[in-house]
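The numbering of the sequence shown is the numbering used here, which starts it at 375 and goes up by one. Right, one structure below, let's go through it.
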Amino acid sequence: MNVQAHSYDAALNSARRKAYLHLIPLLFLCYVVAYIDRVNVGFAKLRMQEDTRLIGFDEGVFGFGMGIFFFGYLLLEIPGTLIVERWSARKWICRIMITWGVIAALTAFVTKPWQFYTMRFLLGLGEAGFYPGVIVYLTHWFPKSDRTRALAWFFIGTPIAQMIGPPISERLMRIGVNGNPAILGLSSWQWVFVFWGLPAIILGIVVLVWLTDRPRDAKWLSLEEREALELALERERREQLDAHGHMTVAQALSNPRVLVLAAAYFFVVTGNYGVELYMASILENWYHIDMKKVAWLIVIPPIGSLIGQIFVGWNSDRTGERRYHAVIPIVAGAIALFLTPASQGNMALTVLLFTVAMTGLKAYLPAFWALPNQFLTAAAAAASIGMINSFGNLGGWIGPWVIGAVKKSTGNFNYGLWFLASSMIISAIIIHRIGGAAQAKPRKGESHGEVAVEG
């Protein structure tokens with residue numbers, strides 16, 4: 375190796391290390407808060423239903439309100455992703471976080487169902503583009519060989535949020551009840567929304583100050599490091615164009631494989647959010663346990679999700695196989711969810727089955743999101759990821775709405791859980807059919823690193 379090549383490698387490795395340390399921790403924190411703000415309504419509803427000031431807030435209202443978030447999410451998902459690609463990730467992510475933080479906090483003041491629907495819709499509108507936008511942003515900083523690891527640390531924000539959110543929210547839910555004093559005249563459920571909205575606003579300001587759009591703008595990299603990283607990314611872009619050719623955004627969005635992947639994502643997300651937003655209610659309904667115990671029980675399934683995500687992502691990259699690494703976890707999760715109603719009366723078994731279900735509902739993600747990157751590149755890939763994510767996340771409305779409506783009409787959750795399991799099986803069948811066509815064998819020496827994405 376000559377001196378020039380050695381100098382380039384040293385500068386590139388140094389730039390990669392600095393990028394990890396400078397960018398990933400903040401993005402991880404942002405996603406933890408984003409996810410809690412999205413799903414904390416599932417916990418707050420346990421007290422909202424007891425609040426006499428809230429008229430007409432039955433299971434159907436909560437199911438519809440939890441899900442309508444995703445209609446707002448749909449409208450700006452693709453434009454938001456393209457804004458990150460073509461304008462400024464730093465400014466757009468800042469705008470997203472401040473907007474959703476304000477809306478999340480204001481949800482504390484709803485008193486009628488239509489107000490609840492409006493705030494949930496606006497929350498989806500405000501958050502749209504954040505997750506896929508971060509994916510696009512990371513392609514501006516990390517070569518393909520580093521991207522999976524970089525995104526993995528961001529991606530595990532989901533189970534971490536599921537582990538820390540409920541215990542903290544449970545403490546907030548004690549405010550003003552059982553002899554505990556009220557604070558500033560707000561009920562416990564109101565503090566859940568206010569408390570988790572404020573960090574998003576603060577982090578949005580930090581994003582504006584701390585993040586940098588592109589390596590060439592990073593004053594925290596040396597000139598040699600900036601040039602080495604930009605050169606590595608440009609080489610990768612040229613290689614992708616040579617291998618796959620150019621596809622416009624319009625062509626990518628109408629590509630049959632993209633549309634089928636969006637359908638598959640829709641069905642699995644239906645199961646995912648149905649479980650996540652109703653797990654606490656199901657445990658409380660079946661076992662008549664207090665909120666503190668519910669909070670600690672629903673921390674257990676995300677531990678399985680965390681382990682499953684890391685293992686499946688690692689093994690899929692190690693083997694280069696994508697299809698079955700997506701299909702098998704989904705099928706396993708669906709079977710567990712189908713069996714869950716039969717576990718009623720055995721709390722340990724119920725939690726175990728929820729853990730298997732949630733592991734399957736998260737572990738498939740790295741392999742699934744590797745599939746579109748087999749045949750799409752650059753802006754076309756960014757737009758397609760936004761489209762798959764936005765359309766698929768409509769399942770986040772269907773799942774909670776169906777399980778809430780079924781509970782209201784039948785008095786139990788059984789048929790709702792079977793519906794979610796069936797939806798997951800449909801997703802697995804679609805992925806199995808499309809997976810072989812989308813998957814391509816990498817050339818010798820080519821990295822398997824891909825990106826993973828969720829809602």
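Just so it is clear, CB atoms sit at the ideal spot from N, CA and C, and this is done for glycine as well.
Query, Result
"What residue from His396, Pro487 and Glu501 has the CA that sits closest to Leu409's CA?", "Here the sequence assigns Tyr to residue 409, which means Leu is not the residue at that position. Residue Glu501 is the option with its Cα nearest to Tyr409."
"For Leu680, which of Phe529, Phe516, Trp594 and Phe641 has the nearest alpha-carbon?", "Phe529"
"Along the alpha helix (DSSP H) that carries Trp563, what are the first and last residues, could you check?", "Ser562 to Trp584"
"On the premise that Gly682 lies in contact with Ala437, defined as a C-beta separation below 8 Å, what is that separation, rounded to the nearest angstrom?", "It is Gly, not Ala, that sits at residue 437 in the sequence shown. Contact doesn't hold; Cβ gap of about 27 Å is too wide."
"Do you know offhand how far Ser797's Cα is from Gly645's?", "6 Å"
"Quick one: residues in its chain with C-beta nearer than 7 Å to the C-beta of Glu433, no 5 flanking neighbours on either side, listed in chain order?", "Gly778, Lys781 and Lys782"
"Give me the DSSP bridge partner(s) of Thr762.", "Checking the sequence shown, residue 762 turns out to be Ile, not Thr. According to DSSP, Ile762 bridges with nothing at all."
"Over what stretch of residues does the alpha helix (DSSP H) that includes Phe516 continue unbroken?", "From DSSP, Phe516 is part of no alpha helix (DSSP H); its letter is neither H nor E."
"Could you tell me the alpha carbon to alpha carbon distance between Ala482 and Phe567, rounded to whole angstroms?", "5 Å"
"Give me the DSSP bridge partner(s) of Ile557.", "Leu560"
"Just to confirm, is the Cβ distance from Leu448 to Ser764 under 8 Å?", "yes"
"Taking the beta carbon of His662 as the centre, do at least 16 other beta carbons fall within 10 Å, making it buried, or is it exposed?", "exposed"
"Using beta carbons (cut-off 8 Å, strictly below), is Trp584 in contact with chain D?", "In the structure shown, chain D does not exist; there is a single protein chain."
"Are Trp660 and Thr586 close, meaning C-beta to C-beta below 8 Å?", "no"
"Hey, which unbroken runs of the alpha helix (DSSP H) at 4 residues or more fall wholly within the stretch 429 to 488?", "433 to 460 and 463 to 480"
"For the putative contact between Trp775 and Phe712, defined by C-beta atoms under 8 Å, what is the C-beta separation to the nearest angstrom?", "About 20 Å; that fails the 8 Å criterion."
"Closest by CA to Glu608, which one among His514, Phe445 and Gly507?", "His514"
"Which value, in whole angstroms, describes the spacing of the CA atoms of Ile805 and His699?", "10 Å"
"Should Arg817 be labelled buried (16 or more other beta-carbon atoms within 10 Å of its own) or exposed?", "Since pLDDT at Arg817 reaches only 42, below the 50 mark, its modelled position is unreliable, and the value read off the structure follows with that caveat. Label assigned to Arg817: exposed."
"For the stretch 636 to 653 against the stretch 504 to 518, are there 3 or more C-beta pairs whose distance is under 8 Å?", "no"
"Under three-state DSSP, which class holds Arg548?", "coil"
"Please tell me whether Gly694 and Thr733 are closer than 8 Å, where the distance is taken between their beta carbons.", "no"
"How many Å lie between Ser561 and Leu400 at the Cα?", "31 Å"
"Return the chain-ordered list of same chain residues with a C-beta closer than 8 Å to the C-beta of Ile557, the five sequence neighbours on each side being excluded.", "Ile549, Gly550 and Trp565"
"As a quick exercise: from Ala731, Leu395 and Ile702, pick the residue whose alpha carbon is nearest that of Pro715.", "Ala731"
"Give me the residue from Ala722, Ala710 and Val701 with the minimum Cα distance to Trp743.", "Val701"
"Comparing alpha-carbon positions, which option in Arg807, Ile800 and Ala722 lies nearest Leu745?", "Arg807"
"Considering only C-alpha positions, which residue in the set Asp411, Gly503 and Trp474 is nearest to Ser462?", "Gly503"
"So, at 6 Å on beta carbons, what are the nonlocal neighbours of Gly571 in its own chain, with the 5 sequence-adjacent residues on each side left out?", "Gly475, Ala478 and Ala479"
"With burial defined as no fewer than 16 other Cβ atoms inside 10 Å of the residue's Cβ, what is the status of Val583: buried or exposed?", "exposed"
"Thinking C-beta only, is Pro506 closer than 8 Å to Gly760?", "yes"
"Return the chain-ordered list of same chain residues with a C-beta closer than 6 Å to the C-beta of Ile800, the five sequence neighbours on each side being excluded.", "Phe641"
"Rounded to the nearest angstrom, what separates Ala638 and Met440 at their Cα positions?", "21 Å"
"What distance in whole Å lies between the Cβ atoms of Ala389 and Pro589, which are believed to be in contact at a cut-off of 8 Å?", "7 Å"
"On the three-state DSSP scale, how would you describe Gly682?", "helix"
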